[in-house]
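Peer 1: Which chain is which? The protein sequence lines are A and B, in order.
Just so we're aligned, residue 455 is where the first sequence starts under the working numbering, counting upward by one.
Just so we're aligned, residue 455 is where the second sequence starts under the working numbering, counting upward by one.
Note that beta-carbon positions come from the ideal geometry of N, C-alpha and C, so glycine has one too.
Protein chains: 2
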Amino acid sequence: MVGYRQIADELRATIEGGEYGPRALLPSVSDLTKRYGVAKETVRQAFMTLAAEGLVQSISGRGWIVRPRPRPRRHGMERYSRSRWSGEGQPILIAETARQGLSARQEIRELAEVPAPEPVAERLGVPPGTAVWVRRRTTFIEDRTHQLADSYYPLDLVEGTRIRREHTGPGGSFARLEENGVHLAEIREEIAARMPTSVESVALSLPPGTPVVELTRTTFGATGRAVEVMCAVIAADMSTFDYRFPIPD
Amino acid sequence: MVGYRQIADELRATIEGGEYGPRALLPSVSDLTKRYGVAKETVRQAFMTLAAEGLVQSISGRGWIVRPRPRPRRHGMERYSRSRWSGEGQPILIAETARQGLSARQEIRELAEVPAPEPVAERLGVPPGTAVWVRRRTTFIEDRTHQLADSYYPLDLVEGTRIRREHTGPGGSFARLEENGVHLAEIREEIAARMPTSVESVALSLPPGTPVVELTRTTFGATGRAVEVMCAVIAADMSTFDYRFPIPD
DNA sequence: TAGTGGTCTAGACCACTAG
DNA sequence: TAGTGGTCTAGACCACTAT
Chain A
455 MVGYRQIADE
465 LRATIEGGEY
475 GPRALLPSVS
485 DLTKRYGVAK
495 ETVRQAFMTL
505 AAEGLVQSIS
515 GRGWIVRPRP
525 RPRRHGMERY
535 SRSRWSGEGQ
545 PILIAETARQ
555 GLSARQEIRE
565 LAEVPAPEPV
575 AERLGVPPGT
585 AVWVRRRTTF
595 IEDRTHQLAD
605 SYYPLDLVEG
615 TRIRREHTGP
625 GGSFARLEEN
635 GVHLAEIREE
645 IAARMPTSVE
655 SVALSLPPGT
665 PVVELTRTTF
675 GATGRAVEVM
685 CAVIAADMST
695 FDYRFPIPD
Chain B
455 MVGYRQIADE
465 LRATIEGGEY
475 GPRALLPSVS
485 DLTKRYGVAK
495 ETVRQAFMTL
505 AAEGLVQSIS
515 GRGWIVRPRP
525 RPRRHGMERY
535 SRSRWSGEGQ
545 PILIAETARQ
555 GLSARQEIRE
565 LAEVPAPEPV
575 AERLGVPPGT
585 AVWVRRRTTF
595 IEDRTHQLAD
605 SYYPLDLVEG
615 TRIRREHTGP
625 GGSFARLEEN
635 GVHLAEIREE
645 IAARMPTSVE
655 SVALSLPPGT
665 PVVELTRTTF
675 GATGRAVEVM
685 CAVIAADMST
695 FDYRFPIPD
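Here is the structure:
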């Protein structure tokens, strides 16, 4: 008896064998029902299995195609280089993508004073619920939604600065923090991966079978104080992260 | 008309609302078909949707449960500290998990001389296809499969060392490389996330809806030569990665 | 308009678990 | 043995695309 697994396995093998390139139209469901002598739902389940693996994608009214793999953008440590954002620099993300020949833009979703969520409070070193300033923004690369990023700041550091406004000015919020007397010294990045919630899936227009990377960045001043915590949710198929460090003692 | 999306949305809301804790048994499919007045397959599709999000999991003969989220293991840079593996140390992974109060073990899947795959050759700085030594191993944490890790070495560095054997001895392969005249200096880690292939899914016994993290580690000697490339595939729900670094100039 | 996939039904048979 | 989910069928109706 032919089952959906077998059909999925054979389709997977032919795709991975290179017979169908990115965006190539696969045999239609009704073709396959005839070829295997099974019901339509059985073939569909095979396709759904591959979709959950991120291998294929259905296009309304056309059929199933091999899902194109976007070339991922590299997030290296050098994107934080002081020389890029001090002086006349641009915000980090925009500057960094421009260097890679990609267009990028961002939209502010919210600017507000909110109680610090627990993971943020912990990293800022304040009691949970302490009022903090949040900038919630959505960034786009080549007009595809790329990440949802929420940056949290202690209130005293953003008081009277352009961090509270939509446009933070040349060099972005890093430059504004330094103008406000904070010398930025160190970055901590924590990375995890998971499947998106349904809200994120819509907001990032993720095809089924695309995980997200959760990046939590904590920025420290020279005194060791945490001055910013950014929580970002990033489409995994558009990103790789790159770190270099000496072997610790 | 009640569709599978609506049923999925309502189930998701009650789960996220905390009504059902980890491993709690959800209402059965036949309960829900009665409650919503729909066919069995419709309810099943709702559950399948949530399974792909990693929220629920079916248990044969029992029903659908809320999927427990394993507490992830933290991979910090300090796991590479020289003091941990020089002298009488243990291999890095085993030592590191022991510090976190977890049992770990590893099984060697293959020890062989193979042509370097392209990504490995590129990082080792050799032409693709150059013969290299590979150690393929599977690691387990608390007896759950945790990662598939393949380490590649230039042949001249493993000649006559215990890196070619199943047991590399105290301090693991890092210690053996240093004995062989390489002073280890720097680590590069590249991280990406994706859905597992079907092979990985079986090998790591991943529940549906669990992504994997691809970690590519390159180890450099003091002269700048790449002396090891490790390609690891890790269950994402068991891992977070943690980096700290000074803001570059 | 013909062909594509998306959703849903009502019922069948299976393997597995629990009492 | 009764209840659970897993798979499959044959057919229905829908929205969408291409021509």
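1. Pull up the distance between the alpha-carbon of B:W518 and that of B:S655, whole angstroms please.
2. How is A:Y474 classed by DSSP in three states: helix, strand or coil?
3. Of the residues that make up the stretch 516-536 of chain B, which ones have a beta carbon closer than 7 Å to any beta carbon in chain A?
4. Count the other CB atoms, across all protein chains shown, that sit within 10 Å of the CB of B:I461; report buried if there are 16 or more and exposed otherwise.
5. Could you pull out every residue in the same chain whose Cβ sits closer than 6 Å to the Cβ of A:L658, ignoring the five residues on either side in sequence?
6. Check this for me: beta carbons of B:V520 and A:A647, under 8 Å apart or not?
7. Does the beta carbon of B:V574 come closer than 8 Å to any beta carbon on chain A?
8. According to DSSP, simplified to helix, strand and coil, what is A:L638?
9. Pull up the DSSP beta-bridge partners for B:L465, would you.
10. Could you give the distance in angstroms between the alpha-carbon of A:E470 and the alpha-carbon of B:V586?
11. Are any of the Cβ atoms in chain B nearer than 8 Å to that of A:I617?
12. Pick helix, strand or coil for A:Q554, following the three-state DSSP scheme.
13. Is A:M684 helix, strand or coil by DSSP?
14. How many Å lie between B:P526 and A:T468 at the Cα?
15. Hey, does B:E682 have any beta-carbon neighbour from chain A nearer than 8 Å?
16. Based on the DSSP secondary-structure assignment, which residues constitute the bridge partners of B:R589?
17. Using a Cβ-Cβ cutoff of less than 6 Å, which residues in the same chain neighbour A:A505 once the five nearest sequence positions on both sides are dropped?
18. Identify whether B:R559 lies in helix, strand or coil by the three-state DSSP scheme.
19. Would you report the Cα separation of B:G626 and B:I548, rounded to the nearest angstrom?
20. At a CB distance below 8 Å, what residues from the stretch 591-619 of chain B approach chain A? Give them in sequence order.
21. Give the interface partners of A:E644 over in chain B, defined as CB-CB distance under 9 Å, in chain order.
22. Determine, using beta carbons only, whether B:S652 comes closer than 8 Å to chain A.
23. Is the stretch 626-643 of chain A touching the stretch 533-541 of chain A, taking contact as three or more C-beta pairs under 8 Å?
24. Would the stretch 554-561 of chain A count as touching the stretch 590-598 of chain A if we require 3 or more Cβ pairs under 8 Å?
25. Mind pulling the chain B residues with CB within less than 9 Å of A:L638?
26. Look at A:L704 and A:V681 and say whether their C-beta atoms are less than 8 Å apart.
27. One question on the structure: do B:A570 and B:Y606 come within less than 8 Å of each other, judged by their Cβ atoms?
28. Verify whether the separation of the beta carbon atoms of B:I641 and B:T673 is less than 8 Å.
29. Can you grab the Cα-Cα spacing for the pair A:D463 / A:D485, in whole Å?
30. Determine, using beta carbons only, whether B:Q641 comes closer than 8 Å to chain A.
31. Since B:F501 contacts B:S514 with CB under 8 Å, what's their CB separation in whole angstroms?
32. With DSSP as the reference, please indicate the residues paired to A:R527 in a beta bridge.
33. If we ignore side chains and look at the alpha-carbon of each, how far apart do A:E564 and A:E633 end up?
34. Any C-beta of chain A sitting closer than 8 Å to the C-beta of B:R456?
35. Rounded to whole angstroms, what's the CA-CA distance from A:G583 to A:V683? Just pull it up for me.
36. Give me, in chain order, the residues of the same chain whose beta-carbon lies closer than 6 Å to that of B:E620; leave out the 5 immediate sequence neighbours on both sides.
Peer 2: Checking against the coordinates, here is how it stands:
1. Here residue 518 of chain B refers to the residue found at position 64 of the second sequence. Here residue 655 of chain B refers to the residue found at position 201 of the second sequence. One C-alpha to the other measures close to 20 Å.
2. Counting from 1 along the first sequence, the entry for residue 474 of chain A is found at position 20. If DSSP states are grouped into helix, strand and coil, A:Y474 belongs with coil.
3. P526, M531, E532, Y534, S535 and R536
4. One-based indexing of the second sequence puts residue 461 of chain B at position 7. Around the beta carbon of B:I461, 16 or more other beta carbons sit within 10 angstroms, so the residue counts as buried.
5. Locating residue 658 of chain A in the first sequence gives position 204, where the first residue counts as 1. Same-chain partners within the cutoff: T599 and A689.
6. Numbered from 1 along the second sequence, position 66 holds the residue referred to as residue 520 of chain B. Numbered from 1 along the first sequence, position 193 holds the residue referred to as residue 647 of chain A. Not closer than 8 Å, so no.
7. Locating residue 574 of chain B in the second sequence gives position 120, where the first residue counts as 1. Under the Cβ criterion of 8 Å, B:V574 is not counted among the residues facing chain A.
8. Counting from 1 along the first sequence, the entry for residue 638 of chain A is found at position 184. Strand.
9. Along the second sequence, one-based indexing puts residue 465 of chain B at 11. In the DSSP output, where bridge partners are listed per residue, B:L465 has none listed.
10. Mapped onto the first sequence, residue 470 of chain A falls at position 16. Mapped onto the second sequence, residue 586 of chain B falls at position 132. Going by the C-alpha atoms only, they are around 25 Å apart.
11. On the first sequence, residue 617 of chain A is found 163 positions in, with the first residue counted as 1. Chain B, which has no Cβ nearer than 8 Å to the Cβ of A:I617, makes this no.
12. The residue you call residue 554 of chain A lines up with position 100 of the first sequence. A:Q554 falls in the coil class under three-state DSSP.
13. Taking the first sequence and counting its residues from 1, one reaches residue 684 of chain A at position 230. It is a strand residue.
14. The count along the second sequence starts at 1 and reaches residue 526 of chain B at position 72. The count along the first sequence starts at 1 and reaches residue 468 of chain A at position 14. The straight-line gap from Cα to Cα measures roughly 36 Å.
15. For the purposes of this step, residue 682 of chain B is taken as the residue at position 228 of the second sequence. It does not: the Cβ of B:E682 has no partner Cβ on chain A nearer than 8 Å.
16. Counting from 1 along the second sequence, the entry for residue 589 of chain B is found at position 135. B:L565 and B:S605.
17. If you number the first sequence from 1, residue 505 of chain A lands on position 51. Contacts found: P662 and G663.
18. By one-based count along the second sequence, residue 559 of chain B stands at place 105. Here DSSP, grouped into helix, strand and coil, assigns B:R559 to strand.
19. Indexing the second sequence from 1 puts residue 626 of chain B at position 172. Indexing the second sequence from 1 puts residue 548 of chain B at position 94. Those two C-alpha atoms are separated by around 10 Å.
20. none
21. Counting from 1 along the first sequence, the entry for residue 644 of chain A is found at position 190. Residues of chain B passing the Cβ test: R528, T694, F695, D696 and Y697.
22. Counting from one through the second sequence, the residue named residue 652 of chain B turns up at place 198. Under the Cβ distance rule, B:S652 counts among the residues neighbouring chain A, one pair being separated by less than 8 Å.
23. Yes: at least three Cβ pairs fall under 8 Å.
24. yes
25. In the first sequence, residue 638 of chain A corresponds to position 184, counting from 1. I701, listed in chain order.
26. Chain A is shown only over 455 to 703; residue 704 of chain A falls outside these bounds and no answer can be derived.
27. For this step, residue 570 of chain B is matched to residue 116 along the second sequence. For this step, residue 606 of chain B is matched to residue 152 along the second sequence. Yes, the pair counts as a contact, with Cβ atoms nearer than the cut-off.
28. As a position in the second sequence, residue 641 of chain B is number 187, starting the count at 1. As a position in the second sequence, residue 673 of chain B is number 219, starting the count at 1. Yes, Cβ-Cβ distance for B:I641 and B:T673 is below 8 Å.
29. Indexing the first sequence from 1 puts residue 463 of chain A at position 9. Indexing the first sequence from 1 puts residue 485 of chain A at position 31. Their backbone Cα atoms lie some 17 Å apart in a straight line.
30. Within the second sequence, numbered from 1, the residue matching residue 641 of chain B stands at position 187. At residue 641 of chain B the sequence reads Ile, which differs from the Gln that was named. Put simply, the CB of B:I641 is near chain A, with a gap under 8 Å to one of its CB atoms.
31. The residue given as residue 501 of chain B occupies position 47 in the second sequence. The residue given as residue 514 of chain B occupies position 60 in the second sequence. Rounded, the Cβ-Cβ distance is 14 Å, inconsistent with contact.
32. Your numbering for residue 527 of chain A matches position 73 in the first sequence. DSSP, once it has assigned bridges, lists A:S693 as partnering A:R527.
33. For this step, residue 564 of chain A is matched to residue 110 along the first sequence. For this step, residue 633 of chain A is matched to residue 179 along the first sequence. Those two C-alpha atoms are separated by around 23 Å.
34. Here the question's residue 456 of chain B lines up with position 2 in the second sequence. Position check: residue 456 of chain B holds Val in this sequence, whereas Arg was assumed. It does not; no Cβ of chain A falls within 8 Å.
35. Counted from its first residue, the first sequence places residue 583 of chain A at position 129. Counted from its first residue, the first sequence places residue 683 of chain A at position 229. Cα-Cα distance, rounded: 15 Å.
36. Looking up residue 620 of chain B in the second sequence gives position 166. Counting only Cβ-Cβ distances below 6 Å, and skipping sequence neighbours, we find I562.
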